[in-house]
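Asks:
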Amino acid sequence: MAIDGVNGPVNTGRRRFLTATTAVVGAVGAGIAAVPFIKSWNPSARAKLAGAPVTADISGLQEGQRLILEWRGQPIWIVKRSKAVLDALPTLDANLRDPQSENLDQQPAYIKGETRSLKPEISVLVGLCTHLGCSPEMAAEIKPEPYDPNWKGGYFCPCHKSRFDMAGRVFQGVPAPTNLVVPPHYYENDTTIVVGLDPQGA
Ligand code: FES
Numbered sequence: 059m060a061i062d063g064v065n066g067p068v069n070t071g072r073r074r075f076l077t078a079t080t081a082v083v084g085a086v087g088a089g090i091a092a093v094p095f096i097k098s099w100n101p102s103a104r105a106k107l108a109g110a111p112v113t114a115d116i117s118g119l120q121e122g123q124r125l126i127l128e129w130r131g132q133p134i135w136i137v138k139r140s141k142a143v144l145d146a147l148p149t150l151d152a153n154l155r156d157p158q159s160e161n162l163d164q165q166p167a168y169i170k171g172e173t174r175s176l177k178p179e180i181s182v183l184v185g186l187c188t189h190l191g192c193s194p195e196m197a198a199e200i201k202p203e204p205y206d207p208n209w210k211g212g213y214f215c216p217c218h219k220s221r222f223d224m225a226g227r228v229f230q231g232v233p234a235p236t237n238l239v240v241p242p243h244y245y246e247n248d249t250t251i252v253v254g255l256d257p258q259g260a
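Everything in the sequence shown is counted per the working numbering, starting at 59 for the first residue and increasing by one.
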């Protein structure tokens with residue numbers, strides 16, 4: 059398990075996801091703590107390269123926290139959103155390129171609407187900017203940010219200043235053309251997510 063930082067100073071360098079890790083990220087405030095309760099059952103390195111699904115226990119994930127997995131060499135973010143963040147999503151629609159996720163390349167057909175998720179409070183995203191593939195920073199708190207005085211929480215890509223909301227929906231007027239990708243996934247039970255496979259019957 060590795061710990062990644064968020065909400066730190068803007069890094070103008072290009073940041074790519076390079077390591078095969080499982081990480082939990084504290085999203086709120088300056089505190090970043092290891093959260094030892096996260097369990098994941100990842101396949102072997104060879105199976106991962108072949109695209110094998112990965113499974114994670116999210117029973118201990120707290121609001122504002124992000125669990126980072128790797129699937130097909132990409133970072134997969136699993137984020138627990140607060141009610142305040144969910145309530146703010148519809149208020150952003152007019153400022154977004156694709157608020158209703160109509161571009162079907164960016165998520166499976168069973169992922170719809172403003173939350174872009176199977177369960178409203180849990181967001182699952184590929185953590186790569188849709189501009190040139192940097193890894194955006196998470197800024198999950200609803201508070202003014204230097205790049206947006208009306209920030210309702212979301213993701214900021216320091217490479218060329220693209221912004222996404224907490225559903226991974228891209229704002230208008232930024233270089234990234236599309237929403238962040240939602241990978242195929244389903245819930246094996248209430249607290250276990252499988253990333254890399256569609257729900258049965260989907
Ligand atoms: S790579 Fe994210 S804005 Fe360019």
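Where is the CB? At the ideal position from N, CA and C, for every residue including glycine.
1. For S117 and T250, I'd like the C-alpha separation in whole angstroms.
2. Going along the chain, which residues put their C-beta within less than 5 Å of some heavy atom in ligand 1?
3. Just the C-alpha distance for D256 and N153, rounded to the nearest angstrom, thanks.
4. Could you please give the first and the last residue of the uninterrupted alpha helix (DSSP H) stretch that includes V143?
5. List, from N- to C-terminal side, the alpha helix (DSSP H) runs of 4 residues or more that fit wholly inside the stretch 114–196.
6. Please report the residue range of the beta strand (DSSP E) in which N237 lies.
7. Would you kindly work out how many angstroms separate the C-alpha atoms of G254 and A110, rounded to a whole number?
8. Just the Cα atoms here: how many angstroms apart are G171 and S159?
9. Looking only at its chain, what residues have a beta carbon closer than 8 Å to the beta carbon of E203, apart from the 5 residues adjacent to it on each side?
10. Using three-state DSSP, classify Y245 as helix, strand or coil.
11. Consult DSSP for V112 and reduce its assignment to one of helix, strand or coil.
12. Indicate the three-state DSSP secondary structure (helix, strand or coil) for E213 in the structure shown.
13. How would you write the range of the beta strand (DSSP E) that R221 sits in, first residue to last?
14. Taking the C-alpha atoms as reference points, what is the distance between L162 and E195?
Replies: Walking through what the data contain:
1. 8 Å
2. C187, H189, L190, C192, C215, C217, H218, S220 and P233
3. 30 Å
4. K141 to A146
5. 141–146
6. Taken as a continuous stretch (DSSP letters only), N237 belongs to no beta strand (DSSP E), as it is neither H nor E.
7. 7 Å
8. 6 Å
9. A197, W209 and F214
10. strand
11. strand
12. Looking at the sequence provided, one finds Tyr at residue 213 rather than Glu. If DSSP states are grouped into helix, strand and coil, Y213 belongs with the strands.
13. S220 to D223
14. 24 Å
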